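K.L.:
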Amino acid sequence: CHCSACGNGKSADRESWIIQVFTATHVVYDATEAEHSECLVFYDTHDGGYTSFKLVKKLWANEAGDLCLLAGATCDRGLATQLGIMIRDLNKLWKQIRENYVKDHDANDKERLVVVVSHPHGQPKKVSFSKLKRRFKSR
């Protein structure tokens, strides 16, 4: 196991999981930063608690799109299970949203669902739902 609790591979017989994380490239710029980073999850609770796991590798990056994929490690079965369940639930919800709200390209823009998830650092996430009111095209 390469998690921080096991001391980077000293517990080879311990069951472990690799957790892949997408984030902005400007947050974790290169492989060295990735290897010295930690990912905090479930920190947006009122009690201020959180769970964390060590990031061990930068797998992929697209600087122009400001997106990268990192790999983290944990031997916490509960964390791995909880994240797996949350991803499964997200995929189910995403499918339902697509089935219920995604219109063909000829649909009136005012019927299009808009979902914004804002996540100010260190603060609870906010989710807003609305319909498209005006469309601005980027240059």
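Per my numbering, the sequence shown starts with residue -4, numbered consecutively. Positions of the beta carbon are idealized from the N, C-alpha and C atoms, including for glycine. Values in this document were obtained by computation on a predicted structure and should not be read as measured data.
(1) Can you list the alpha helix (DSSP H) stretches of 4 or more residues lying completely in the stretch 52 to 111, in chain order?
(2) Using the rule of at least 16 other Cβ atoms within 10 Å of the residue's Cβ for burial, across every protein chain shown, is residue 14 buried or exposed?
(3) In whole angstroms, give me the CA-to-CA distance for residue 120 and residue 41.
(4) So what's residue 10 in DSSP terms, helix, strand or just coil?
(5) Around the C-beta of residue 27, are 16 or more other C-beta atoms found within 10 angstroms, so that it is buried, or is it exposed?
(6) I'd like the list of long-range same chain contacts for residue 122, defined as Cβ closer than 6 Å, with 5 residues on each side in sequence excluded.
(7) Starting from residue 125, trace the beta strand (DSSP E) both ways and give me its first and last residue.
(8) From residue 100 to residue 46, what does the alpha carbon distance come to, in whole angstroms?
(9) Pull up the DSSP beta-bridge partners for residue 34, would you.
(10) Would you mind giving the Cβ-Cβ distance between residue 64 and residue 48, rounded to the nearest angstrom? I have them listed as a contact below 8 Å.
(11) Using DSSP with H/G/I as helix, E/B as strand and the rest coil, what is residue 20?
(12) Nearest to residue 22 by CA position, among 53, 1 and 38, is which residue?
(13) If residue 127 and residue 110 are in contact, beta carbons under 8 Å, what's the gap, nearest whole angstrom?
P.N.:
Taking the geometry as given:
(1) 72 to 96
(2) As a first step, residue 14 is located in the sequence shown; it is residue number 19 there, counting from the start. Looking at its Cβ environment, which holds 16 or more other Cβ atoms inside 10 Å, residue 14 is buried.
(3) Numbered from its first residue, the sequence shown carries residue 120 at position 125. Numbered from its first residue, the sequence shown carries residue 41 at position 46. Approximately 12 Å, taken between the alpha carbons.
(4) Within the sequence shown, residue 10 is the residue found at index 15, counting from 1. Residue 10: coil per DSSP, three-state reduction.
(5) On the sequence shown, residue 27 is found 32 positions in, with the first residue counted as 1. The residue in question, residue 27, is exposed, as its Cβ has fewer than 16 Cβ neighbours within 10 Å.
(6) Taking the first residue of the sequence shown as 1, we reach residue 122 at position 127. Answer for residue 122: 112, listed in chain order.
(7) Locating residue 125 in the sequence shown gives position 130, counting from the first residue. Taken as a continuous stretch (DSSP letters only), the beta strand (DSSP E) holding residue 125 covers 121 to 126.
(8) For the purposes of this step, residue 100 is taken as the residue at position 105 of the sequence shown. For the purposes of this step, residue 46 is taken as the residue at position 51 of the sequence shown. Confidence at residue 100 is low in this model, with a pLDDT of 47, below 50, so the placement of that residue should be treated as unreliable; the coordinate-derived value is given next. Going by the C-alpha atoms only, they are around 42 Å apart.
(9) Indexing the sequence shown from 1 puts residue 34 at position 39. Partner(s): 48.
(10) Walking along the sequence shown from the start, residue 64 turns up at place 69. Walking along the sequence shown from the start, residue 48 turns up at place 53. Incorrect: roughly 15 Å between the Cβ atoms, too far for contact.
(11) In the sequence shown, residue 20 corresponds to position 25, counting from 1. It is coil, neither helix nor strand.
(12) Position 27 of the sequence shown holds residue 22. When only C-alpha atoms are compared, the closest one is 53.
(13) Here residue 127 corresponds to residue number 132 of the sequence shown, with the count starting at 1. Here residue 110 corresponds to residue number 115 of the sequence shown, with the count starting at 1. Going by Cβ atoms, the distance from residue 127 to residue 110 rounds to 11 Å, so no, they are not a contact pair.
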